[in-house]
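One structure is given below, encoded as structure tokens.
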Amino acid sequence: MKDRLERVQKRIRQTARACNRPETDIRLVAVSKTMPVEIVKEAIESGMTDFGENYIQEAREKITTLSTYPVTWHYIGHLQSNKAKYAVRMFDLIHSVDSLKLAKELDKCAQKIDKVQDILIQVNVAKEDSKSGVYVEDTSRLLKDISQLANIAVKGLMTMPPYFNAPEKVRPFFAALRQLRNQIKNENIPKISMEELSMGMTGDFEAAIEEGATMVRVGTAIFGERH
Ligand SMILES: *Cc1c(COP(=O)(O)O)cnc(C)c1O
């Protein structure tokens, strides 16, 4: 695991350099779904600080067991409103908000525990039926509505493009997310920050970095195949 992690870190460093971006602008989120807590601990001891999880129940055990470590936990899976309460208690950043209904529920739960919940808006750039996410043309409207919620802080956008593991095919979708981010930035919606672009996984994180990713979500390349 440590060797694989170092190889991923090196590839991030080299890609950042090649496109003249400071490597500190790119945060590696280690996607630890299905990985046991011992493996996550090993990754922490190898210097990893950011972990992504997809399932509330599975994450709860890891987050509880590892609570003494300085870890930033990212929720990257699809989130149902009835799980909002748990997500707000457990996660520093929720990448997958795609509706006002979910944002309102998160706001309500965050208010109860006196927290401002950081979120990203998941965008379904390719309009795939199988994927969650708001459509590009509906994103600005959604952000204006969410900007009214006192206990939600939007930090940027996230996407899951089609065509896994074919970097040149997914590049246009990464570029589209960056363009949407720039467009929304220009709208200057109050309280909405657009600094973060969460995009890129094992098969395509280099292309994502070249297109402006500030967070790459990498599982397999760090932990090996999931079973
Ligand atoms: C599983 C998952 C990843 C990581 O995928 P790999 O191909 O293993 O790197 C990234 N993002 C999301 C939303 C995921 O569900």
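Basically the numbering used here = 1-based index in the sequence shown + 498. The C-beta atom is built at its ideal place from N, Cα and C for all residues, glycine as well.
Would you say the beta carbon of residue i comes nearer than 7 angstroms to a heavy atom of ligand 1?
i, result
"residue 531", "yes"
"residue 632", "no"
"residue 715", "yes"
"residue 554", "no"
"residue 722", "no"
"residue 719", "yes"
"residue 637", "no"
"residue 700", "yes"
"residue 574", "yes"
"residue 499", "no"
"residue 476", "The requested residue 476 does not occur in the structure, where the chain is confined to residues 499 to 725."
Hey, out of the options, whose CA is closest to residue i's CA?
i, options, result
"residue 563", "615, 590 and 534", "534"
"residue 599", "646, 588 and 700", "646"
"residue 604", "683, 630, 573 and 557", "573"
"residue 521", "722, 704, 556 and 632", "704"
"residue 729", "625, 593 and 619", "Absent from the model: residue 729. The displayed extent of the chain is 499 to 725, so no value can be given."
"residue 536", "514, 623 and 561", "561"
"residue 666", "588, 602 and 707", "707"
"residue 694", "714, 589, 700 and 538", "714"
"residue 565", "588, 577, 576 and 575", "588"
"residue 568", "539, 559, 523 and 602", "539"
"residue 577", "570, 595 and 571", "595"
"residue 506", "709, 724 and 701", "701"
"residue 518", "504, 720, 709 and 723", "709"
"residue 699", "686, 721 and 681", "721"
"residue 593", "669, 571 and 608", "571"
"residue 661", "716, 633, 635 and 624", "624"
"residue 531", "502, 524, 508 and 558", "558"
"residue 501", "633, 601 and 541", "541"
Legend entry - beta strand (DSSP E) runs contained entirely in the region 513-575, provided each spans 3 or more residues: 525-529, 548-551 and 570-573
Legend entry - 4-residue-minimum alpha helix (DSSP H) runs that sit fully inside the region 583-626, ordered along the chain: 598-610
Inset, instruction - Check whether the region 687-702 touches the region 645-652, counting contact only when three or more Cβ pairs, one atom from each stretch, lie closer than 8 angstroms. - result: yes
Legend entry - Contact between the region 659-676 and the region 635-646 (3+ Cβ pairs under 8 angstroms): no
Inset, instruction - Spell out a yes or no on whether the region 538-545 and the region 582-596 are touching, meaning 3 or more CB-CB pairs, one atom from each, closer than 8 angstroms. - result: no
Inset, instruction - Take every Cβ of the region 657-668, pair it with every Cβ of the region 623-632, and state whether three or more of those distances are shorter than 8 angstroms. - result: yes
Legend entry - Three CB pairs or more closer than 8 angstroms across the region 506-523 and the region 547-557: They do not touch, by the three-pair rule.
Inset, instruction - Could you tell me which uninterrupted alpha helix (DSSP H) segments, each at least 4 residues in length, are contained entirely in the region 623-691, listed from first to last along the chain? - result: 634-644 and 665-685
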